[in-house]
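Participant: Structure provided below as structure tokens; questions to follow.
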Amino acid sequence: MTVRERAAEPVPDQAPESALGAEDLKLFQESMAKVLAGAEGRELVSSLEEQGWFELWAEQPRAAARALFGQQGRLARTSPVLTLLMGASVAGPAGSITAGSTSAGSISGVAPVLLPGPAAFSASAFSDGGWAVAGPDGTVRALAQSAALDVGRAAVLPVRDGDGLFLVEFATDALRRTPVEGLDPALGLCRVDATVRAGTPVLVGAEAELAWRRSVALGRRLLAEEMCGVVAEQLRLALGHAGSRSQFGRPIGSFQAVKHKLAEVHVALTVAELAAEEAWAQPAATTSLLAALLGATAVETANLHCQQVLGGIGFTWEHPFHRYARRGRVLAALLGTRAQLARELGGQIVDSGELPVLAKL
Amino acid sequence: MSAYDRAELEEFQRGFGRWLDEHREDLEPLRSLPPELDAQFAVQRRLQRQLYDAGWLRRGWPERIGGLGGSVVVRGALAEGLTRHGYTFPFALGMIEVLAPSVTRFAAPELAAEMFPRLLSGDELWCQGFSEPEAGSDLGSLRTRAVDEGEHWRVNGQKIWTSWAQFAQRCVLLVRTGEQAEGFRGVTALFVDMDSPGITVRPLRAMSGDEEFSELFFDDVLVPKSRTVGAVGAGVAVTMAVLENERGVLAWQRQTWLHQRLRALVAEHRLQQSSAGRIGEVYASLYALKLRSRDTFRAVVAGEVIGPRSSVDKILLSTGEKAVFDAVFELLPDHTLFDDEPGARQWRYEHAYSRASSIYGGTAEVQRNILAERILSLPRER
Chain X
1 MTVRERAAEP
11 VPDQAPESAL
21 GAEDLKLFQE
31 SMAKVLAGAE
41 GRELVSSLEE
51 QGWFELWAEQ
61 PRAAARALFG
71 QQGRLARTSP
81 VLTLLMGASV
91 AGPAGSITAG
101 STSAGSISGV
111 APVLLPGPAA
121 FSASAFSDGG
131 WAVAGPDGTV
141 RALAQSAALD
151 VGRAAVLPVR
161 DGDGLFLVEF
171 ATDALRRTPV
181 EGLDPALGLC
191 RVDATVRAGT
201 PVLVGAEAEL
211 AWRRSVALGR
221 RLLAEEMCGV
231 VAEQLRLALG
241 HAGSRSQFGR
251 PIGSFQAVKH
261 KLAEVHVALT
271 VAELAAEEAW
281 AQPAATTSLL
291 AALLGATAVE
301 TANLHCQQVL
311 GGIGFTWEHP
321 FHRYARRGRV
331 LAALLGTRAQ
341 LARELGGQIV
351 DSGELPVLAK
361 L
Chain D
1 MSAYDRAELE
11 EFQRGFGRWL
21 DEHREDLEPL
31 RSLPPELDAQ
41 FAVQRRLQRQ
51 LYDAGWLRRG
61 WPERIGGLGG
71 SVVVRGALAE
81 GLTRHGYTFP
91 FALGMIEVLA
101 PSVTRFAAPE
111 LAAEMFPRLL
121 SGDELWCQGF
131 SEPEAGSDLG
141 SLRTRAVDEG
151 EHWRVNGQKI
161 WTSWAQFAQR
171 CVLLVRTGEQ
181 AEGFRGVTAL
191 FVDMDSPGIT
201 VRPLRAMSGD
211 EEFSELFFDD
221 VLVPKSRTVG
231 AVGAGVAVTM
241 AVLENERGVL
251 AWQRQTWLHQ
261 RLRALVAEHR
271 LQQSSAGRIG
281 EVYASLYALK
291 LRSRDTFRAV
301 VAGEVIGPRS
311 SVDKILLSTG
321 EKAVFDAVFE
331 LLPDHTLFDD
341 EPGARQWRYE
351 HAYSRASSIY
361 GGTAEVQRNI
371 LAERILSLPR
381 ER
């Protein structure tokens, strides 16, 4: 059964964990794992369209995000869907993929976003971080998912030029691309350089700000799901090792020092998953920021403790751990690092003297 | 949450909020507690009595023990409502949430029906005789002995860390009725009158400055067999139920209160933007605690058994509580270290108390062992 067929099935209204039952979600996840293993880039997007993923996304974004991004994290695979969906969100209401697409259930024609990079989220004014700043000569620099540039004919970048805020659309052939290896070469990022004059402003001022904020919130929710997947896999690897590796005549997982590290990871993962879930249930800037912040916290905790528990073998190239450590660290920085997110949130609290009231009973 | 629980919750919140507004002046003295312990208890008993007489406190408790029935969710709403309106959540109500569900579940129905209304109305207070000088985290090694004398148990031994024992009329006491080697299997729970001959209470002064805890000494104390809570040798079930109860209504109250304290920090003190990162992290840890407590509380409302997963809640409660008061000390050093006005004293008291949050109710180490062995299935140490 394809995702599309499953999506058409009625789902119970009041399921406790997810609008999808646990069984259905598992099946989705399995089919996503196959898709992710079988294709990359533009081909992967076509497979997702064939599987009905974008239709599921339109109806049940949380289940769709969990199935695809959660699996990306667990398998350390990637797709250009992050910046494509962020692009669709810039163009239309949150999560909509109809704007710019030629038919329902497809992402074709959507202009992906370019990412200004983590430095942009250190803006001194906390509420309007995340903009690429144009140089005096109009040059801008950003990151892109290379495969997303192959799917869309144009790409959108949020630019601060002088005092103005603009969402600027560039034809992809107007962008100079340099592939990025960086910490995680498998992530398929590239740097792009352009001059503002080569693009077309599609939204300006307050409208641009609102659209970009919405898009960032969506991106943070998606990244939160992916980070949860990365951490879950790191924990699985470390638990397997702790149960099978023996020293001093007993499995190392029987030592309390090891147990406590893994219990810490479990706690961090549990709250990261809850925060991701809440961000889909109450999609807003603050809940999305908190999902990314608690996701990044889980990534840090897992990188620290799972690496230590995996010992020497975890330090080798052949062991998969390093792929997850790299992936987690980059995902946790793409739309603001943990420290930047904490400062953004705390800055609002300090300024207003009030706490956001979230997660009501 | 079921539609039924949701409707009851909203009806309760509306009604209780209105009642609090209408009785604002009347309740005003209950907003700030006097420094002396006896006076604090008197004030809190008054609040408890008002809540009882108005019926709010009886809701969410079964009718067979003197409650008004209905969903447990309203008990969480009561705790949240009081706390958010700036009233102290009475110590007694916390104790009720910890002990009453277990006692009323395991004790003889007549005993529960007789004792519970006195507790809920504030006429009486209960205390918890669990820990011993030689049995802290390793509760199964406790040595206070109860010898079967036909009609009675004869109890000898010593307890420690019993909160508010000097004010309590009854004690839920864990005693050894089997062999020492049986560990927890030889432990039984009793419901003991604190005025029984042979009980001595000696308060201990905690580092917070309060005489909250006491040592209890039992010298040939006779306890009627009818006061046995649950089966003989089934003390472990009562104990586990008590520890789990700390994660339901009480955890929901606790996170509400921690949010109130963080709100007080940012609203009453002019913080610099340089503290933004710290404040953001503290808020995130309380948000994590709140999400988890809500999840668990909803499960309690639905009647689910919580089990070992509640150790996550306990860890989050402790890290969240320490995070708030560590931040206060860090961001307001002059105020918290050198001022002697009531606000500064309160921060100091709360900071000191937060140190115990990873010790009482099962230490942070025990909670991590539970998660590792019972959730993550790592091998046991022995």
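Chains X and D are the protein sequences, given in the same order.
Note that the numbering used here has the first sequence beginning at 1, numbered continuously upward.
Note that the numbering used here has the second sequence beginning at 1, numbered continuously upward.
Glycine included, each C-beta is placed from N, C-alpha and C at the ideal position.
Since we're looking at a predicted model, the values are computed, not measured.
1) With a threshold of 8 Å between beta carbons, is A359 of chain X in contact with chain D?
2) Using a Cβ distance threshold of 8 Å, determine whether the region 210-228 of chain X contacts the region 288-303 of chain X, with at least three qualifying pairs required.
3) Could you give the DSSP three-state label for A193 of chain D: helix, strand or coil?
4) If you drop the 5 nearest sequence neighbours on each side, which residues of the same chain put their C-beta closer than 7 Å to that of T301 of chain X?
5) Can you give me the Cβ contacts of R348 of chain D inside the same chain, cut-off strictly under 7 Å, excluding the 5 residues immediately before and after it?
6) Checking contacts by CB at 8 Å: is A246 of chain X closer than that to chain D?
7) What residues from chain X crowd round K290 of chain D, counting only those whose CB sits closer than 7 Å?
8) Does L274 of chain X come within less than 8 Å of chain D when only Cβ atoms are used?
9) Would you kindly work out how many angstroms separate the C-alpha atoms of Q256 of chain X and R374 of chain D, rounded to a whole number?
10) I107 of chain X by DSSP, collapsed to three states: which one?
11) Express the C-alpha separation of Q44 of chain D and L310 of chain X in angstroms, rounding to a whole number.
12) Could you check what DSSP says for I160 of chain D in three-state terms: helix, strand or coil?
13) Sorted by chain position, which residues of the same chain lie with C-beta nearer than 7 Å to R247 of chain D's C-beta, five sequence neighbours on each side aside?
14) From the DSSP output, in three-state form, read off E212 of chain D for me.
15) If you drop the 5 nearest sequence neighbours on each side, which residues of the same chain put their C-beta closer than 7 Å to that of S214 of chain D?
16) Beta-carbon of Q253 of chain D versus every beta-carbon of chain X: anything under 8 Å?
17) Residues of chain D with CB closer than 8 Å to the CB of T270 of chain X, please, in chain order.
18) Under 8 Å, Cβ to Cβ, is there at least one residue of chain D near Q256 of chain X?
19) Can a CB atom of chain X be found closer than 8 Å to the CB of D138 of chain D?
20) What residue range does the beta strand (DSSP E) around T178 of chain X cover?
21) Under 8 Å between C-beta atoms, does G353 of chain X make it to chain D?
22) Please return the same chain residues whose Cβ sits closer than 6 Å to the Cβ of T144 of chain D, not counting the five positions on each side in sequence.
23) Is D5 of chain D close to chain X? Criterion is C-beta to C-beta, closer than 8 Å.
24) Nearest by alpha-carbon distance to I279 of chain D: which of X:A339, X:L48, X:A65 is it?
25) Measuring only the C-alpha atoms, how far is G183 of chain D from V232 of chain D?
26) When burial is assigned at 16 or more other CB atoms within 10 Å of the CB, is L183 of chain X buried or exposed?
27) As a quick exercise: from X:F248, X:P283, X:P116, X:E40, pick the residue whose alpha carbon is nearest that of R62 of chain X.
28) To the nearest whole angstrom, what separates the beta carbons of A147 of chain X and A111 of chain X, a pair I think is in contact under 8 Å?
29) Give a yes or no on whether the minimum CB-CB distance between R343 of chain X and chain D is below 8 Å.
30) Determine the DSSP secondary structure at F170 of chain X, reduced to helix, strand or coil.
31) Can you give me, in chain order, the residues of the region 215-235 of chain X that have a beta carbon less than 9 Å from any beta carbon in chain D?
32) Between which two residues does the beta strand (DSSP E) holding Q128 of chain D run?
33) Please report the distance separating the alpha-carbon of D219 of chain D from that of V155 of chain D.
34) Taking just the CA atoms, how far does L239 of chain X sit from P158 of chain X?
35) Within the continuous alpha helix (DSSP H) that includes L282 of chain D, where are the two ends?
36) Looking at the C-beta of H85 of chain D, does it have a partner C-beta in chain X at a distance below 8 Å?
Facilitator: Working from what's here:
1) Counting from one through the first sequence, the residue named residue 359 of chain X turns up at place 359. Yes, because at least one Cβ of chain D sits closer than 8 Å to the Cβ of A359 of chain X.
2) The answer is yes - the region 288-303 of chain X touches the region 210-228 of chain X, with three or more Cβ pairs under 8 Å.
3) Along the second sequence, one-based indexing puts residue 193 of chain D at 193. A quick correction: the sequence has Asp, not Ala, at residue 193 of chain D. The three-state secondary structure of D193 of chain D, taken from DSSP, is strand.
4) Translated into positions along the first sequence, residue 301 of chain X becomes position 301. The residues are E264, V265, A268.
5) Taking the second sequence and counting its residues from 1, the one referred to as residue 348 of chain D is at position 348. Hits under 7 Å: T336.
6) To locate residue 246 of chain X, count along the first sequence from 1; it is residue 246. One point to set straight first is that residue 246 of chain X is Ser, not Ala, in the sequence displayed. No, S246 of chain X does not count as interfacial toward chain D.
7) Position 290 of the second sequence, counted from the start, is the residue given in the question as residue 290 of chain D. What K290 of chain D touches in chain X: A359.
8) Position 274 of the first sequence holds residue 274 of chain X. By this cut-off, L274 of chain X is an interface position.
9) Along the first sequence, one-based indexing puts residue 256 of chain X at 256. Along the second sequence, one-based indexing puts residue 374 of chain D at 374. If I take the Cα positions, the gap works out to 14 Å.
10) Start at 1 with the first residue of the first sequence, and residue 107 of chain X comes out as number 107. In the displayed model, I107 of chain X falls within coil according to three-state DSSP, outside both helix and strand.
11) In the first sequence, counting from the first residue as 1, residue 310 of chain X sits at position 310. In the second sequence, counting from the first residue as 1, residue 44 of chain D sits at position 44. Roughly 53 Å separates the two Cα atoms.
12) Here residue 160 of chain D corresponds to residue number 160 of the second sequence, with the count starting at 1. Here I160 of chain D sits in strand by DSSP.
13) Locating residue 247 of chain D in the second sequence gives position 247, where the first residue counts as 1. Correct list, in chain order: T296, I306, S310, D313, K314.
14) To locate residue 212 of chain D, count along the second sequence from 1; it is residue 212. DSSP places E212 of chain D in coil when its eight states are reduced to three.
15) Reading the second sequence from its first residue, position 214 is the one you call residue 214 of chain D. Its chain contains T162, A165, Q166, V201, R202, P203, L204 as the residues whose beta carbon lies nearer than 7 Å to that of S214 of chain D, once the 5 sequence neighbours on both sides are disregarded; these appear in chain order.
16) Within the second sequence, residue 253 of chain D is the residue found at index 253, counting from 1. By this cut-off, Q253 of chain D is not an interface position.
17) Numbered from 1 along the first sequence, position 270 holds the residue referred to as residue 270 of chain X. Near T270 of chain X (Cβ distances below 8 Å), the residues of chain D are R292, V312.
18) To locate residue 256 of chain X, count along the first sequence from 1; it is residue 256. Closer than 8 Å to some Cβ of chain D, the Cβ of Q256 of chain X qualifies, so yes.
19) Residue 138 of chain D sits at position 138 when you count from the first residue of the second sequence. Judged by the 8 Å Cβ criterion, D138 of chain D is not in contact with chain X.
20) Here residue 178 of chain X corresponds to residue number 178 of the first sequence, with the count starting at 1. 176-179 is the extent of the beta strand (DSSP E) around T178 of chain X.
21) By one-based count along the first sequence, residue 353 of chain X stands at place 353. For G353 of chain X, the answer is yes, since a Cβ of chain D falls inside 8 Å of its Cβ.
22) Here residue 144 of chain D refers to the residue found at position 144 of the second sequence. Only G157, V175 meet the Cβ criterion.
23) Position 5 of the second sequence, counted from the start, is the residue given in the question as residue 5 of chain D. Taking a beta-carbon distance threshold of 8 Å, D5 of chain D does not count as an interface residue toward chain X.
24) On the second sequence, residue 279 of chain D is found 279 positions in, with the first residue counted as 1. When each option's Cα is compared against that of I279 of chain D, the closest is X:A339.
25) For the purposes of this step, residue 183 of chain D is taken as the residue at position 183 of the second sequence. For the purposes of this step, residue 232 of chain D is taken as the residue at position 232 of the second sequence. Across the structure, G183 of chain D and V232 of chain D are spaced so that their CA atoms are roughly 14 Å apart.
26) In the first sequence, the residue the question calls residue 183 of chain X occupies position 183. Flag for L183 of chain X reads exposed.
27) As a working note, residue 62 of chain X is residue 62 in the first sequence. Residue nearest to R62 of chain X within the set X:F248, X:P283, X:P116, X:E40 is X:P283 (criterion: CA-CA distance).
28) Looking up residue 147 of chain X in the first sequence gives position 147. Looking up residue 111 of chain X in the first sequence gives position 111. The C-beta distance from A147 of chain X to A111 of chain X rounds to 14 Å, too long to meet the 8 Å contact threshold.
29) Mapped onto the first sequence, residue 343 of chain X falls at position 343. It does: the Cβ of R343 of chain X has a partner Cβ on chain D nearer than 8 Å.
30) Here residue 170 of chain X corresponds to residue number 170 of the first sequence, with the count starting at 1. DSSP places F170 of chain X within a strand segment (E or B) once states are collapsed to three.
31) Per Cβ criterion, the list reads L235.
32) Translated into positions along the second sequence, residue 128 of chain D becomes position 128. 126-129 is the span of the beta strand (DSSP E), which, as asked, contains Q128 of chain D.
33) The count along the second sequence starts at 1 and reaches residue 219 of chain D at position 219. The count along the second sequence starts at 1 and reaches residue 155 of chain D at position 155. Roughly 7 Å between the two C-alpha positions.
34) One-based indexing of the first sequence puts residue 158 of chain X at position 158. One-based indexing of the first sequence puts residue 239 of chain X at position 239. Between the alpha carbons of P158 of chain X and L239 of chain X lies a gap of roughly 42 Å.
35) The residue labelled residue 282 of chain D in the question sits at position 282 within the second sequence. For the record, residue 282 of chain D in the displayed sequence is Val; it is not Leu. That run of the alpha helix (DSSP H) goes 276-301.
36) On the second sequence, position 85 is the one that residue 85 of chain D refers to. Cβ-Cβ to chain X under 8 Å: no for H85 of chain D.
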